[in-house]
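Just so you know, we're using this note's numbering here: the sequence shown kicks off at 546 and counts up by one.
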Amino acid sequence: MNNEELVKYFAEVADDKKAQDLVMLKMSGISIMSDYFIICHGNSEKQVQAIARALKEAAQEKNIEVKRMEGFDKARWVLVDLGDIIAHVFHKDERNYYQLEKLWGDAPVFSLEKRPL
């Protein structure tokens, strides 16, 4: 799978766990951190953990190394580093506070329907 296919795959994994307001940002050429961001939120700490855990398990099933996972225990903002893809799984309150989509406002945004937003 190429990175575009992988980001959609991981977005679908998060969506299966009822991730809210899921968006994908194409970061290549904008950030050296990764090619894509997945940004979503859950409405409770348990849901945030379930989404992050599902992403980690999906990566392992595809033999993709999870470089690191940060924030899982507090479940307010969990970062799942999948190499060329970084997933930001927020609690709703933290997402409203940090507003990563605005910080990276020049990045192309995609939804699961494969259309630019």
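Glycine residues also receive a C-beta, built at the ideal position from the N, C-alpha and C atoms.
### Task
Decide if residue 618 is buried, meaning its Cβ has at least 16 other Cβ atoms within 10 Å, or exposed.
exposed
### Task
Give the DSSP-derived three-state secondary structure of residue 606 in the structure shown.
Assignment of residue 606 by DSSP, reduced to helix, strand and coil, places it in the helix class.
### Task
Ignoring anything shorter than 3 residues or poking outside the stretch 572-634, list the beta strand (DSSP E) runs there in chain order.
Listed in chain order, the complete beta strand (DSSP E) runs (minimum 3 residues) inside the stretch 572-634 are 581-587, 613-615 and 622-626.
### Task
Taking 9 Å as the cut-off, decide whether the C-beta atoms of residue 634 and residue 624 are in contact.
yes
### Task
Would you kindly report the start and end of the unbroken alpha helix (DSSP H) that includes residue 553?
Residues 548-561.
#### Entry: residue 579, buried or exposed, once every other Cβ within 10 Å from all chains shown has been counted against 16
buried
### Query
Where residue 562 and residue 587 are concerned, what is the direct C-alpha to C-alpha distance, given to the nearest angstrom?
Those two C-alpha atoms are separated by around 9 Å.
### Message
Going by DSSP in three states, residue 567 sits in which element: helix, strand or coil?
### Response
strand
### Query
What residues in its chain sit with their C-beta under 8 Å from that of residue 629, if we drop five residues either side in the sequence?
548, 551, 579, 580 and 581
### Query
If you drop the 5 nearest sequence neighbours on each side, which residues of the same chain put their C-beta closer than 7 Å to that of residue 661?
Here the model assigns residue 661 a pLDDT of 47, short of 50, so the residue's position is not dependable and the matter cannot be decided.
### Query
Is the distance from the Cβ of residue 570 to the Cβ of residue 560 below 9 Å?
no
### Continuous alpha helix (DSSP H) stretch holding residue 663: start and end
Because residue 663 is not part of the residues shown, which for the chain are 546 to 662, the question remains open.
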